[in-house]
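Below is one structure, written out as structure tokens, with a few remarks after it.
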Ligand code: HOZ
């Protein structure tokens, strides 16, 4: 592993005043060892660290940067917004414009409420499902991660999995008593719980395509069963599209899959790299939110004008020049190249990919849920991660996170990545 003296020093300094030196555990490199890189700047498809090294960026801030970094349209919109003041605590038209764009893009969403993070979006979506149905039970799936909401921090993926703390201290037992955890892609388990407790279930929250145990796609039977059972028992189906919204298609995973959930949680891309979350659904459900209805939810920076401007600019660009087919083609090229490289190196692997989200798992077992994701050889992943990093390719620093492509990447970038991966995988031969 190459040394990065400036980043190491910056990490030491940060650890004295910030717990673990980071403001979100996924960034601490706990899943791969070593110390995190400190980033000086980003541009297009690249990150630059404070040791003056350049990396092709496959995390894109964990999802928001589908247009790459510093896209001129986003930068211009943000600069213009900032000159008009950065926060008002009063409504502005940018909020309505972004809401109109989300409603137009996602047919299951007739009204939308903006918050400041994906965690707030899922937390509020759950409160809404409970308030709307008058029931308490929520179903989630092992390995799905919906932010650090108390009631959802049970068998969570992402950094809660990487750090081996699926249940965090500080979450009172009472907070998770009404959370039922089921296996992803398991139709029988789902049907059994609905048979036993269907009239008490307020909602089911799910990543329609999982990014937080690495990339794991749903089976079509599972999705159909989810929709059928929630409708039959009057529970709300909540799609957490914080990662997949405007990423897998302009209308998100639900457009790609042809699904229609009751509530959708958004984040990441709709803020264009600024802190935003949102949740939306049918007007009849959304009108339960205060002040239209009785379900409380609020926030000083909700609908922040700078973040709204960045989101509008991003969605405008994605609508005017839809990149999804091109990104899928790049994804397919990368998948084929990585598959051949891993096979040639004799490394047991799975590559899960949908469109421009992907994960290379180091296991011979097909990865379809949390248990199979955990069969991956994480030590091997860590070695691969650092081999790639040393060659200038910045992958997610955990086996249990999805990687992303951005519109600034070209076939040449993908081919360079494959060449680097081929070299990196040789260490296992
Ligand atoms: N929620 C992100 C991982 N799925 C991590 C966010 C971050 O550390 O920036």
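Numbering (the numbering used here), first residue to last: 82 to 510.
By construction, the Cβ of each residue, glycine as well, lies at the ideal position given by its N, Cα and C atoms.
Remember, predicted model here, so these are calculated numbers, not experimental data.
Buried or exposed: where does residue i fall if 16 or more other Cβ atoms within 10 Å of its Cβ makes it buried?
i	result
residue 320	buried
residue 532	As displayed, the chain neither begins before 82 nor continues past 510, which places residue 532 out of reach and without an answer.
residue 465	buried
residue 94	exposed
residue 340	buried
residue 254	exposed
residue 169	exposed
residue 83	exposed
residue 269	exposed
residue 165	exposed
residue 266	buried
residue 349	buried
residue 40	In this structure the chain extends from 82 to 510, so residue 40 is not present and cannot be described.
Less than 7 Å between C-beta atoms, sequence neighbours within five positions excluded: which residues of the same chain meet that for residue i?
i	result
residue 487	126, 141, 146, 147, 148 and 149
residue 373	none
residue 382	168 and 197
residue 498	137, 415 and 474
residue 485	139, 140, 141, 144, 437 and 438
residue 274	220, 261 and 263
With DSSP as the reference, label residue i as helix, strand or coil.
i	result
residue 485	strand
residue 214	helix
residue 475	strand
residue 234	coil
residue 466	helix
residue 367	helix
residue 294	coil
residue 423	helix
residue 414	helix
residue 148	coil
residue 96	helix
residue 192	strand
residue 389	helix
residue 127	strand
residue 400	helix
residue 82	coil
residue 118	coil
I think residue i touches residue j, with their Cβ atoms under 8 Å apart; what is that distance to the nearest whole Å?
i	j	result
residue 290	residue 260	Wrong, their Cβ atoms sit about 22 Å apart, outside the cutoff.
residue 440	residue 296	4 Å
residue 346	residue 322	6 Å
residue 431	residue 112	Wrong, their Cβ atoms sit about 18 Å apart, outside the cutoff.
residue 62	residue 200	With the chain covering only 82 through 510, there is no way to say anything about residue 62.
residue 318	residue 325	Actually they do not touch by this definition, with Cβ atoms about 15 Å apart.
residue 393	residue 178	6 Å
Less than 8 Å between C-beta atoms, sequence neighbours within five positions excluded: which residues of the same chain meet that for residue i?
i	result
residue 473	134, 135, 136, 137 and 501
residue 184	190, 191, 192, 193 and 361
residue 181	none
Leaving out five residues on either side along the sequence, give the residues of the same chain with a beta carbon under 6 Å from the beta carbon of residue i.
i	result
residue 489	125, 126 and 149
### Task
Write down every uninterrupted run of the beta strand (DSSP E) in the stretch 274 to 354 whose length is 3 residues or greater and which is fully enclosed by it, in chain order.
282 to 287, 317 to 321 and 344 to 348
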